Amino acid sequence: MYGRVESTTRVTPAMVRVVLGGEGLAGFATPPGTDAYVNLAIAPPGAPYGPVFEPAEVREEQPQEWWPARRRYTVREWDAEQGLLTIDFVVHGDEGVAGPWAAAAGPGDVLVLEGPSGGYRPDPEADWHLLVGDESALPAIAASLPHVPADRPVVVRVLCDDPDHELPLETPGDLDLVWLHRAGAADPAGLLVESLRGLDAPPGRVHAFVHGEADEIRQVRRHLLADRGLPRADMSCSPYWRRTMTDEAWRRVKRDFVAAMESDA
Ligand SMILES: Cc1cc2nc3c(=O)[nH]c(=O)nc-3n(C[C@H](O)[C@H](O)[C@H](O)COP(=O)(O)OP(=O)(O)OC[C@H]3O[C@@H](n4cnc5c(N)ncnc54)[C@H](O)[C@@H]3O)c2cc1C
Numbered sequence: 033m034y035g036r037v038e039s040t041t042r043v044t045p046a047m048v049r050v051v052l053g054g055e056g057l058a059g060f061a062t063p064p065g066t067d068a069y070v071n072l073a074i075a076p077p078g079a080p081y082g083p084v085f086e087p088a089e090v091r092e093e094q095p096q097e098w099w100p101a102r103r104r105y106t107v108r109e110w111d112a113e114q115g116l117l118t119i120d121f122v123v124h125g126d127e128g129v130a131g132p133w134a135a136a137a138g139p140g141d142v143l144v145l146e147g148p149s150g151g152y153r154p155d156p157e158a159d160w161h162l163l164v165g166d167e168s169a170l171p172a173i174a175a176s177l178p179h180v181p182a183d184r185p186v187v188v189r190v191l192c193d194d195p196d197h198e199l200p201l202e203t204p205g206d207l208d209l210v211w212l213h214r215a216g217a218a219d220p221a222g223l224l225v226e227s228l229r230g231l232d233a234p235p236g237r238v239h240a241f242v243h244g245e246a247d248e249i250r251q252v253r254r255h256l257l258a259d260r261g262l263p264r265a266d267m268s269c270s271p272y273w274r275r276t277m278t279d280e281a282w283r284r285v286k287r288d289f290v291a292a293m294e295s296d297a
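Using the numbering used here, the first residue of the sequence shown is number 33, and each one after it goes up by one.
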């Protein structure tokens with residue numbers, strides 16, 4: 033499956049919104065979860081195939097140097113009527129594959145993808161909701177908030193560089209939103225967990241969504257399970273990326289990291 037870029041918009045200094053459309057998205061399934069993601073396949077520059085290709089076939093037929101890079105990105109929005117798929121990419125400098133691809137993308141460019149999958153959706157039975165993450169989790173947070181029941185307390189803590197990196201968030205819930213800014217912070221990686229330590233939580237059962245940078249997420253998870261006694265089943269938690277590691281390097285150690293994280297609490 034593939035989409036053709038219809039438009040790109042720089043929604044913040046570090047976030048590019050790419051809208052994909054076209055016949056290559058025919059049959060795209062409505063995502064089941066509000067955190068649904070697709071697997072992107074991005075060919076290396078000069079690849080002797082494409083721009084439309086089957087990732088499995090390429091891996092069978094080409095030497096490894098030509099295999100496409102795999103990256104997971106959230107379905108920010110799927111407009112089934114118009115056949116338009118929106119993905120918000122964090123642009124984090126010149127390093128990497130997907131960030132630079134999005135920064136340079138223009139109308140007509142092709143993006144090969146597979147999916148979607150994903151499982152979180154705000155539980156309508158929960159007494160309140162908690163959504164925590166950095167910019168990489170912002171698309172999932174923004175896509176989930178409209179599904180929080182009306183007037184239900186929803187606490188959102190998002191980490192970003194500074195106020196220019198904030199985006200409007202909408203929900204029918206009773207929103208308690210704080211943006212945490214790395215700029216000027218003594219310990220930027222500790223901002224998310226510190227913001228929760230001081231939280232006067234609404235009463236009752238929470239349904240939590242905690243995703244983003246691996247070490248930051250791990251601290252938050254430990255706090256919620258060990259200090260606040262959340263049942264594991266009431267939290268969706270996964271480390272989306274790891275600082276200083278490419279996604280390839282991260283995938284090689286992710287299983288061990290998650291096993292260690294699971295043994296924290
Ligand atoms: C299920 C899932 C959903 C995701 N949804 C989104 C999404 O909607 N939008 C989004 O932007 N990301 C999302 N991510 C995270 C994204 O897949 C990773 O950030 C990925 O590593 C980016 O690939 P890259 O090719 O740009 O950089 P890589 O080649 O993987 O890494 C290059 C360098 O950039 C650093 N880096 C990677 N990501 C970031 C970042 N966000 N901020 C700062 N530095 C970074 C790495 O540590 C490394 O040093 C999601 C991840 C998962 C698992």
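Cβ coordinates follow ideal geometry from the N, Cα and C atoms, glycine included.
Since we're looking at a predicted model, the values are computed, not measured.
- Between Leu-199 and Val-84, the C-beta gap is not smaller than 8 Å, which leaves the two residues out of contact.
- Distance from Asp-266 to Val-238 at the Cβ level is roughly 6 Å; contact confirmed, criterion being Cβ atoms closer than 8 Å.
- Residue nearest to Glu-280 within the set Ala-130, Thr-118, Thr-106 is Ala-130 (criterion: CA-CA distance).
- In this structure, Arg-284 and Ala-246 do not form a Cβ contact; the two beta carbons are roughly 13 Å apart against a cut-off of 8 Å.
- Here the C-alpha atom of Arg-250 lies approximately 18 Å from the C-alpha atom of Leu-231.
- Residue range 238–245 is occupied by the beta strand (DSSP E) that includes Val-238.
- Around the beta carbon of Gly-138, fewer than 16 other beta carbons sit within 10 angstroms, so the residue counts as exposed.
- Across the structure, Asp-67 and Ala-182 are spaced so that their CA atoms are roughly 19 Å apart.
- For Met-47, the enclosing beta strand (DSSP E) stretches over residues 47–53.
- With 16 or more other Cβ atoms from the protein chains shown falling within 10 Å of its own Cβ, Ser-176 counts as buried.
- A Cβ-Cβ contact shorter than 8 Å links Leu-143 with Leu-52.
- Spatial neighbours of Pro-171 in its own chain (CB-CB distance under 6 Å, excluding positions within 5 residues in sequence) are listed in chain order as Thr-106, Arg-108, Asp-120.
- The nearest non-hydrogen atom of ligand 1 is 7 Å or more from the C-beta of Val-51.
- For Pro-76, no alpha helix (DSSP H) segment is defined, and its DSSP state is neither H nor E.
- For Tyr-81, the CB stays at least 7 Å from every heavy atom of ligand 1.
- When distances are taken from the beta-carbon of Ala-75 to the heavy atoms of ligand 1, even the shortest one reaches 7 Å or more.
- Inter-residue distance for Phe-289 and Pro-271 is about 9 Å (C-alpha atoms, whole angstroms).
- Set against 7 Å, the gap from the CB of Ala-130 to the closest heavy atom of ligand 1 is smaller.
- Rounded to whole angstroms, the gap between the alpha carbons of Ser-295 and Gly-35 is 40 Å.
- Under the rule that a run must span 4 or more residues, the alpha helix (DSSP H) segments found entirely inside the region 94–139 read 130–136.
- Spatial neighbours of Gly-65 in its own chain (CB-CB distance under 7 Å, excluding positions within 5 residues in sequence) are listed in chain order as Gly-150, Gly-151, Tyr-152, Arg-153.
- DSSP places Asp-288 in the helix class (H, G or I) of the three-state scheme.
- Exposed is the label assigned to Ala-218, since fewer than 16 other Cβ atoms lie within 10 Å of its Cβ.
- In terms of side-chain proximity, the C-beta atom of Tyr-152 is found no nearer than 7 Å to any non-hydrogen atom of ligand 1.
- For Glu-167, no beta strand (DSSP E) encloses it, and the DSSP letter there is neither H nor E.
- In this structure, the CA atom of Ala-136 is about 17 Å from the CA atom of Ala-101.
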